[in-house]
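Chemist: In the UniProt record's numbering, the protein residues as written are 1 to 580.
1) Just the Cα atoms here: how many angstroms apart are residue 488 and residue 535?
2) Please report the distance separating the alpha-carbon of residue 429 from that of residue 414.
3) Would residue 29 and residue 154 qualify as a contact pair, given that the criterion is a beta-carbon distance under 8 Å?
4) Which whole-angstrom value is the C-beta distance of residue 374 and residue 502, which I expect to be below 8 Å?
5) Please list, in chain order, all residues of the same chain as residue 475 whose beta carbon is under 8 Å from its beta carbon, the five residues on each side excluded.
6) My parser needs the alpha helix (DSSP H) runs of 4 or more residues fully inside the stretch 128–180; what are they?
7) Start and end of the beta strand (DSSP E) containing residue 116?
8) With a CB to CB cut of under 6 Å and the five nearest residues on each side skipped, what residues in its chain are close to residue 302?
9) Rank 477, 521 and 64 by C-alpha distance to the C-alpha of residue 77 and give the top, closest one.
10) Give the straight-line distance between the Cα atoms of residue 551 and residue 326, rounded to the nearest whole angstrom.
11) Our contact map puts residue 108 next to residue 224 with C-beta atoms below 8 Å; I'd like the distance itself, whole angstroms only.
12) How long is the line joining the alpha carbons of residue 310 and residue 442, rounded to whole angstroms?
13) What are the start and end residues of the beta strand (DSSP E) that includes residue 509?
14) Quick one, are the C-beta atoms of residue 582 and residue 228 less than 8 Å apart?
15) State the CB to CB distance for the pair residue 233 and residue 382, rounded to an integer number of angstroms; the pair is presumed to be in contact (CB under 8 Å).
16) Alpha carbon to alpha carbon, what distance is there between residue 285 and residue 201?
17) If you drop the 5 nearest sequence neighbours on each side, which residues of the same chain put their C-beta closer than 8 Å to that of residue 397?
18) Please name the residue in 179, 211, 305 and 199 whose C-alpha comes closest to that of residue 188.
19) Quick one: measure Cβ to Cβ for residue 268 and residue 320, integer angstroms, because I've assumed they're closer than 8 Å.
20) Assign residue 329 to one of two classes, buried (16 or more other C-beta atoms within 10 Å of its C-beta) or exposed (fewer than that).
21) Tell me the rounded alpha-carbon separation between residue 196 and residue 185.
22) So which of 495, 447, 504 and 444 has the shortest CA-CA distance to residue 298?
23) How should residue 266 be labelled, buried or exposed, when 16 other C-beta atoms within 10 angstroms of its C-beta is the threshold for buried?
24) Going straight from the alpha carbon of residue 581 to that of residue 576, what length do you get?
25) Closest by CA to residue 359, which one among 287, 406, 493 and 51?
26) Between the C-alpha atoms of residue 512 and residue 549, what's the straight-line distance to the nearest angstrom?
27) To which residues does DSSP link residue 579 through a beta bridge?
28) Report the rounded CA-to-CA distance for residue 562 versus residue 174, giving the unit in angstroms.
29) How many Å lie between residue 97 and residue 247 at the Cα?
30) In whole angstroms, what separates the C-alpha of residue 72 from that of residue 521?
31) Select from 337, 439 and 346 the residue whose C-alpha is nearest the C-alpha of residue 259.
32) Go through its chain and collect everything with a Cβ distance to residue 110's Cβ below 7 Å, but skip five positions before and after it.
33) Between the stretch 342–356 and the stretch 275–295, can you find at least three pairs of beta-carbon atoms closer than 8 Å?
34) Note down, in chain order, each residue of its chain lying with its Cβ closer than 8 Å to the Cβ of residue 353, except the 5 sequence neighbours on either side.
35) Just to confirm the assignment, what range does the alpha helix (DSSP H) spanning residue 440 have?
Listed below in structure tokens is the structure:
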């Protein structure tokens, strides 16, 4: 049986045949797609079904690995099951599965002495996997070659993230799915004696000598999960407008949100979730020993779920997991929006009036880090575009902020302030001269003479704005943030995975060294097959006039005016609130 993590896989189709020859046998499997179920109150086990396009099965490959255990088993056989697709059997009210499909497969090579057979299911292979004869073919760059390696060999090279292949809603949908790592035991609280779960990705199969034996057997379940993650943004109001409260920088000002886009998404991904890492023992052996004593969920191990059918796991290792990257390496690893003039695919945010299920969403690759790599510029977040309307102003009015303080200057006020600065410097305006905003001036953060001259000019006697006069203004006002038309950008929040419930930060985080794996691993990050909902709750002031740089600071050092709640939905769905 194949099953998908966060969604149930369910379907039935048979591969019938005569009693096998001495070298082959039969297996019976059930493939389960991810689902909506789950009765636990833990956010880790909060599931949401999502869209029909996210479940559509276009093709299916079964690859079999042979060996004494999952670690040593190598790929020996593969079969395309696309002609037998029938994912119509729903999951139950108590499991993690949306639909399921059963298969009986003949002509399976029998294992040798002291060998086991392990299965990998590949749903919607997206051109990265194929079958040639009875061999699995594989290639991260789309050029396929015979694959006879181990599971860990699938992590030797990362694929370049192409969402059009692995997470597309076009033509009814094509979301690549592969085996979900599953625990054989339920999570426990710290100090529970005898907890020794085994987390496996490949599924051990029973091989039968004849068709009747296989037909009467209970299928071996295989649970699959989507390779991509999902995000949506919601404004906690009825019309995408929030009002700055009494504690904000400009009480009564309003912010109208016009769009959002994912920022700093991973350019690289593994096509199967990696819970093994590169060392011995496997990375998951370390994770099952981590308990944050300050967690509000009762102190359970956060990496394993509580809902049976199956016990899901909630973390993974991506291709750039362990290293704090230099600036030049960041653009090689992440998609980063830096220029407001770029063709940014802004997405309309949802709000409290948006019909449930119709929220605009975005998909992205997994982006996780070791605890001591949880830095702003290596984690995925959300960039928001809005129009800030100061109290007493109209939508579209320009405004300014100076000297890194919160006071807001309207256009007439900034002209008056600069005029006084020139007068105080003995460079006051002569009769007939006028200091004004240049026609066509663009939003900017002004820190030098050239920047000021690009935005302001003096007319009526003087030519432009002289260097001496510009320096006099900058001596009193520096930096100067110019919000053209009131447009502002918020880097709202990094996306939290385990977040405050499972990984409260405890002491103040000043540097990356303040993070520990036991308490903080997984606090921030994006994991495949999880659905993250960011709810924007409040705004304290304007953001930046241009797209803000991603700081080289720990994720828990905040650089924003947004308050947001993040919910993680099933897929597993996680909700996060943000105050801006």
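Every residue gets a Cβ at the ideal spot worked out from N, C-alpha and C, and that includes glycine.
From a predicted model like this one, the values you see are computed outputs, not experimental measurements.
Modeler: Checking against the coordinates, here is how it stands:
1) 18 Å
2) 15 Å
3) Taking 8 Å as the cut-off, the beta carbon of residue 29 is found no closer than this to the beta carbon of residue 154.
4) So it is not a contact: roughly 14 Å between Cβ atoms.
5) Once the five neighbours on either side are set aside, the close Cβ partners of residue 475 are 421 and 425.
6) 163–166
7) 116–123
8) 498 and 502
9) 64
10) 13 Å
11) Actually they do not touch by this definition, with Cβ atoms about 19 Å apart.
12) 55 Å
13) Counting along the chain, residue 509 falls outside any beta strand (DSSP E), and DSSP gives it neither H nor E.
14) In the structure as shown, the chain begins at 1 and stops at 580. Residue 582 is therefore absent and cannot be evaluated.
15) 6 Å
16) Taking the straight line from one Cα to the other gives about 14 Å.
17) 389, 390, 410, 411, 485 and 486
18) Closest by alpha carbon: 305.
19) 6 Å
20) exposed
21) 8 Å
22) Of the candidates 495, 447, 504 and 444, the one whose C-alpha sits nearest the C-alpha of residue 298 is 504.
23) buried
24) Past the boundaries of the shown model lies residue 581; the chain is included only from 1 to 580, so the question cannot be answered.
25) 51
26) Between residue 512 and residue 549, the C-alpha separation is close to 19 Å.
27) Its beta-bridge partners are 538 and 563.
28) 34 Å
29) A caution first: residue 97 carries a pLDDT of 49, below 50, which makes its placement in the model too unreliable to give a value.
30) 28 Å
31) Measuring from the Cα of residue 259, the nearest candidate turns out to be 346.
32) 23, 24, 25 and 207
33) no
34) 238 and 239
35) Note, residue 440: premise wrong, no alpha helix (DSSP H); not H, not E.
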